[in-house]
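Enquirer: Per our numbering, residue 265 is the first one in the sequence shown, and the count goes up by one each step.
This structure is in structure tokens; I'll ask about it shortly.
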Amino acid sequence: MNSIHFAPITDQIDALLPQTQCGLCGYQGCRPYADAIARGMADINQCAPGGRAGITALANLLGRKVIRLNPAFGDEQPRLLAVIDEAECIGCTRCIPACPVDAIIGASKQMHSVIVGECTGCKLCVVECPVDCIEMQPATGINYDPNQARKRYQAKLQRQAALEAKKLERIQKQKQLLAKIKQPQS
Ligand code: SF4
Ligand code: SF4
Ligand code: SF4
């Protein structure tokens with residue numbers, strides 16, 4: 265069966281996932297996990313950010329029994345928000361590519377900040393920081409829109425794919441040029 269066959273159910277599953285894009289489920293993001301569930305390759309209890317409410321929603325959608333969150337994939341906890349200690353930030357930019365939803369702004373040797381309403385709380389930036397100036401705090405009272413997070417995640421993936429395609433094209437052109445130069449003159 266091809267991926268088109270699974271697309272509608274994958275969409276429905278993805279719509280129930282929190283779009284934190286943290287990878288705790290063992291997949292690169294919410295969409296790949298949704299796809300794995302749709303294909304019967306992953307169970308419904310691997311998303312710690314979604315917690316019990318998420319498992320219940322998935323069980324209802326798929327006509328399955330509600331099961332406990334598998335602790336191998338993390339513990340349920342309240343949504344978090346990354347906060348950068350701007351006085352400590354050295355502007356290395358390492359956190360920017362780590363963020364799956366482009367929620368960090370900054371430039372080389374400048375202080376960086378988190379766009380509060382866009383941070384999913386995935387924690388992926390924390391390990392990248394060489395000076396430990398990113399702290400996760402409870403995101404209490406901060407609005408979060410999973411649909412917006414999904415859009416930002418997809419936009420980032422598309423941008424990365426376009427950059428990768430351009431890079432490959434450049435390498436291909438260089439190879440062709442080198443091959444031309446190496447051709448013996450007649
Ligand atoms: S929120 Fe994290 S653990 Fe849950 S599905 Fe998305 S990437 Fe996986
Ligand atoms: S700022 Fe950090 S915690 Fe927030 S979404 Fe980006 S990588 Fe995840
Ligand atoms: S990784 Fe840390 S030090 Fe580097 S730019 Fe990000 S917050 Fe600043």
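For each residue, glycine too, the CB sits at the ideal point set by N, CA and C.
1. Relative to the alpha-carbon of ALA336, which residue among CYS363, CYS289, PRO364 and MET305 has its alpha-carbon at the smallest distance?
2. Spell out the partners DSSP gives MET305 in its beta bridges.
3. Cβ of GLY304 within 9 Å of Cβ of PRO282?
4. Considering just the uninterrupted stretch of the alpha helix (DSSP H) at THR319, what are its terminal residues?
5. So, for ILE360: in the same chain, excluding its five sequence neighbours on each side, which residues have a beta-carbon less than 6 Å away from its beta-carbon?
6. Does the Cβ of LEU421 lie closer than 8 Å to at least one heavy atom of ligand 2?
7. Rounded to the nearest angstrom, what separates PRO342 and LYS430 at their Cα positions?
8. Using the C-alpha atoms, what's the distance from ALA419 back to GLU340?
9. Check each candidate in ARG328, VAL391 and ILE445 and name the one with the smallest Cα separation from THR357.
10. Checking 9 Å against the spacing of the C-beta atoms, do GLY370 and GLY385 come in under that value?
11. Determine whether the beta carbon atoms of ALA323 and ILE308 lie at a separation below 9 Å.
12. Count the other C-beta atoms from every protein chain shown that fall within 10 angstroms of the C-beta of THR404, then say buried if there are 16 or more, exposed otherwise.
13. Could you give the residue range of the beta strand (DSSP E) that holds GLU399?
14. Taking the Cβ atom as the reference point for each residue, do LEU345 and ALA312 lie within a distance shorter than 9 Å?
15. Using only the alpha-carbon positions, how far apart do ILE277 and CYS397 sit?
Expert: So, from the listed chains and residues:
1. Checked all of CYS363, CYS289, PRO364 and MET305; the closest Cα to ALA336 is CYS289.
2. Looking at the DSSP output, MET305 bridges to nothing.
3. At the C-beta level, GLY304 and PRO282 stay beyond 9 Å of one another.
4. A small fix is needed here, since residue 319 is Ile in this sequence, not Thr. In this chain, the alpha helix (DSSP H) harbouring ILE319 covers 315-326.
5. The answer, listed in chain order, is ILE368.
6. Not one heavy atom of ligand 2 is found less than 8 Å from the C-beta of LEU421.
7. Rounded to whole angstroms, PRO342 and LYS430 show a C-alpha spacing of 40 Å.
8. Whole-angstrom Cα-Cα distance: 28 Å.
9. Considering only alpha carbons, the answer is VAL391.
10. No, the Cβ-Cβ distance between GLY370 and GLY385 is not below 9 Å.
11. Yes, the pair counts as a contact, with Cβ atoms nearer than the cut-off.
12. With fewer than 16 other Cβ atoms within 10 Å, it is exposed.
13. Here the beta strand (DSSP E) through GLU399 covers 398-402.
14. One thing to note: LEU345 has its Cβ no nearer than 9 Å to the Cβ of ALA312.
15. In a straight line, the C-alpha of ILE277 is about 35 Å away from that of CYS397.
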